[in-house]
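Student: Residue numbers are given in the UniProt record's numbering: position 281 of the sequence shown equals residue 281, and the series is strictly consecutive.
Structure incoming, see below.
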Amino acid sequence: MTQPQSTISKKSGSISLRHYVAGSIVTLLALLIGVALSSRNTHAPSVQEYYSLMESRIGYWLILGNTRHCGLYPKGQLLPFPISKAHRAMEKKLHARLSLPAGSRVLDAGAGSGHVAMYMARQGIRVQAIDITPHHIVDARRTVEKNGLGDWIQVAEGDYHDLSAFSDSSFDGIYTMETFVHADDPKKALAEFWRVLKPGGVLVMHEGDFNRDSEKLRDVLRLSHCGNTLREGQYRELITKTGFVDYDLEDLSDQVLPLWRFFGVLGYIPYKVLRVFGLQDRAINVMAGVETWLNWKDGRYISVRAVKPQ
Ligand SMILES: C[S@@+](CC[C@H](N)C(=O)[O-])C[C@H]1O[C@@H](n2cnc3c(N)ncnc32)[C@H](O)[C@@H]1O
1 MTQPQSTISK KSGSISLRHY VAGSIVTLLA LLIGVALSSR NTHAPSVQEY
51 YSLMESRIGY WLILGNTRHC GLYPKGQLLP FPISKAHRAM EKKLHARLSL
101 PAGSRVLDAG AGSGHVAMYM ARQGIRVQAI DITPHHIVDA RRTVEKNGLG
151 DWIQVAEGDY HDLSAFSDSS FDGIYTMETF VHADDPKKAL AEFWRVLKPG
201 GVLVMHEGDF NRDSEKLRDV LRLSHCGNTL REGQYRELIT KTGFVDYDLE
251 DLSDQVLPLW RFFGVLGYIP YKVLRVFGLQ DRAINVMAGV ETWLNWKDGR
301 YISVRAVKPQ
């Protein structure tokens with residue numbers, strides 16, 4: 001197979017500031033309509049319920065182009081634009097952390113609409129993408145085909161807690177891009193990652209590492225199905241207990257701040273208004289944006305890398 005060429009950056013880089021502002025305003029309007037129509041959200045939604053909310057669908061589509069992860073920025077940058085450039089920078093970082101040669105086969109555990117997988121494929125990596133949310137799978141298949149990457153990326157519906165569809169030692173690498181935060185049983189998922197990785201295989205996780213006991217973030221974590229997120233700092237313990245070696249952690253919090261600051265500023269007034277009426281939990285993404293920004297010290301953004309020994 002000839003290595004696919006990188007073609008998206010020019011196109012996506014041309015998205016203007018006007019696009020983001022218009023997108024953000026439409027998102028807020030959709031959100032207010034959603035709030036008016038919805039009932040009080042007192043339960044803990046499943047992953048699929050969270051991603052199926054009108055607010056999630058519209059927000060991720062309009063503001064993030066359905067790439068559902070943070071952008072990576074130079075330290076000290078104030079504004080998050082262009083967001084697509086920062087998305088590609090984060091994917092580049094993950095690819096560098098995997099440090100696998102072209103031709104390697106990796107598992108994208110929680111692939112969303114497939115944008116990370118497409119970045120990997122363009123570097124000559126073969127990707128098995130799985131996701132638990134049906135409409136993300138439909139979107140990933142369509143996007144992968146549209147970009148002519150069908151020979152490089154297989155897309156399947158699946159839960160990373162149960163990888164029985166894949167045999168032992170079948171991947172050179174596994175990555176999670178902001179999806180392990182949703183794990184109901186992190187130990188079980190890691191045991192599965194271990195099983196399907198080849199000896200010498202690499203695991204890289206780009207994740208939020210929140211303080212689960214944070215009073216301020218409790219509702220955000222519950223409503224976005226991150227309620228079982230690890231205790232802050234627990235990654236090392238869990239990953240090394242699974243048997244992985246060469247554990248390495250990079251704290252990227254400063255480099256993801258511009259986008260969260262943008263969400264925080266954009267959502268601040270609508271969020272405060274909703275709070276006055278006790279309606280804030282009907283707008284989980286606005287709540288997450290504002291509360292995460294206001295309580296930045298109650299979490300961090302990390303890149304974790306570990307290796308299954310030979
Ligand atoms: C924040 S999005 C990230 C998507 C993608 N990695 C990206 O960066 O665009 C999290 C994704 O993880 C998926 N997910 C959550 N729990 C999962 C599980 N147990 N198994 C597979 N996918 C899961 C969700 O459906 C969602 O698509």
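Ideal Cβ positions, reconstructed from N, Cα and C, are used throughout, including at glycine.
Please read all numbers here as calculations on a predicted model, not as lab measurements.
Buried or exposed: which applies to G13, given that a residue is buried once 16 or more other Cβ atoms fall within 10 Å of its Cβ?
Tutor: The residue you call residue 13 lines up with position 13 of the sequence shown. Unreliable positioning characterises G13 in this predicted model, as indicated by a pLDDT of 43, which lies under 50. The coordinate reading is nonetheless provided below. Under this definition G13 is an exposed residue.
Student: Would you mind working out which of N285, K308 and D298 sits nearest Y50, comparing C-alpha positions?
Tutor: Residue numbering aside, residue 50 sits at position 50 when the sequence shown is read from its first letter. With distances taken between Cα atoms, Y50 lies closest to N285.
Student: Would M177 pass as an interface residue toward chain B - the criterion being a Cβ-Cβ separation below 8 Å?
Tutor: The structure shown contains no chain B; it is built from a single protein chain.
Student: Any idea which residues DSSP pairs E178 with across the strands?
Tutor: For the purposes of this step, residue 178 is identified with residue 178 of the sequence shown, where counting begins at 1. Paired residues: none, contrary to the question.
Student: For G299 and R68, I'd like the C-alpha separation in whole angstroms.
Tutor: The residue labelled residue 299 in the question sits at position 299 within the sequence shown. The residue labelled residue 68 in the question sits at position 68 within the sequence shown. Each residue's Cα considered, the two are about 18 Å apart.
Student: My parser needs the alpha helix (DSSP H) runs of 4 or more residues fully inside the segment 197 to 254; what are they?
Tutor: Correct list: 218 to 223 and 235 to 242.
Student: Anyone know if the C-beta pair for V116 and L94 falls short of 8 Å?
Tutor: The count along the sequence shown starts at 1 and reaches residue 116 at position 116. The count along the sequence shown starts at 1 and reaches residue 94 at position 94. Cβ atoms of V116 and L94: closer than 8 Å.
Student: Measuring alpha carbon to alpha carbon, tell me which of L203, I83, H43 and V273 ends up nearest L259.
Tutor: Indexing the sequence shown from 1 puts residue 259 at position 259. Of the listed residues, the one whose Cα sits closest to L259 is I83.
Student: Are there 16 or more other CB atoms within 10 angstroms of the CB of A165, so buried, or fewer, so exposed?
Tutor: Taking the first residue of the sequence shown as position 1, residue 165 is located at position 165. It counts as exposed.
Student: L64 lies in the alpha helix (DSSP H); which residues open and close that run?
Tutor: Start at 1 with the first residue of the sequence shown, and residue 64 comes out as number 64. In this chain, the alpha helix (DSSP H) harbouring L64 covers M54 to L64.
Student: Just checking, does the segment 111 to 126 make contact with the segment 86 to 93 on the three C-beta pairs under 8 Å criterion?
Tutor: yes
Student: Could you pull out every residue in the same chain whose Cβ sits closer than 7 Å to the Cβ of R97, ignoring the five residues on either side in sequence?
Tutor: To locate residue 97, count along the sequence shown from 1; it is residue 97. The answer, listed in chain order, is V204, S303 and R305.
Student: Which residue spans inside the UniProt domain "Methyltransferase type 11" (107 to 205) form an unbroken beta strand (DSSP E) run of at least 3?
Tutor: 126 to 131, 153 to 157 and 171 to 177
Student: Measuring straight from C-alpha to C-alpha, what distance separates L161 and D281?
Tutor: Mapped onto the sequence shown, residue 161 falls at position 161. Mapped onto the sequence shown, residue 281 falls at position 281. In the sequence as presented, Leu is not what sits at residue 161; that position holds His. The straight-line gap from Cα to Cα measures roughly 28 Å.
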